[in-house]
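According to our numbering, the residues represented by the sequence shown are 589 to 663, in order.
Below you'll find the structure, written out as structure tokens, and then a few comments.
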Amino acid sequence: MRMGFEFAQKIKANLVSVHVDRLVKEGYLERRAVEGDRRKTELICTQKAQPVIEKGGQLQEAFKEQLFSGMDEKM
Numbered sequence: 589m590r591m592g593f594e595f596a597q598k599i600k601a602n603l604v605s606v607h608v609d610r611l612v613k614e615g616y617l618e619r620r621a622v623e624g625d626r627r628k629t630e631l632i633c634t635q636k637a638q639p640v641i642e643k644g645g646q647l648q649e650a651f652k653e654q655l656f657s658g659m660d661e662k663m
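Okay, here's the thing in structure tokens:
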């Protein structure tokens with residue numbers, strides 16, 4: 589998925605940190621140290637985040653259905 593990679597390259601690191609800090613503070617994410625590499629941190633979605641993740645999946649499916657509706661399946 590090249591487009592996602594290119595998008596990620598344009599995001600400023602400080603903005604990511606601000607948003608991650610907020611999501612941790614609000615209880616949607618947890619930070620965990622990566623075993624064997626103290627420089628890295630994993631971000632883990634909490635139970636509180638599950639309804640948001642599910643809703644995002646539903647919205648994504650609805651978007652795909654709308655995007656491809658009316659297209660010939662042979663394309």
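Virtual Cβ for every residue (Gly too), placed ideally from N, Cα, C.
Since the structure is predicted, the reported quantities are computational estimates derived from the model, not experimental observations.
Since residue i and residue j are thought to touch, with beta carbons under 8 angstroms apart, how far apart are those beta carbons, to the nearest angstrom?
i	j	result
I632	L617	7 angstroms
G658	K636	With a Cβ gap of about 38 angstroms, G658 and K636 do not count as contacting.
Helix, strand or coil, according to DSSP, for residue i in the structure here?
i	result
K598	helix
M589	Summary for M589: the model assigns pLDDT 48, below 50, so the residue's position carries little reliability; its value from the coordinates is reported in the next sentence. Three-state result, M589: coil.
D609	helix
The segment 623-630 in contact with the segment 642-652 per 3-pair CB rule at 8 angstroms: no
Uninterrupted alpha helix (DSSP H) stretches inside the segment 614-656 (no shorter than 4 residues): The segment 614-656 contains these whole alpha helix (DSSP H) runs: 638-656.
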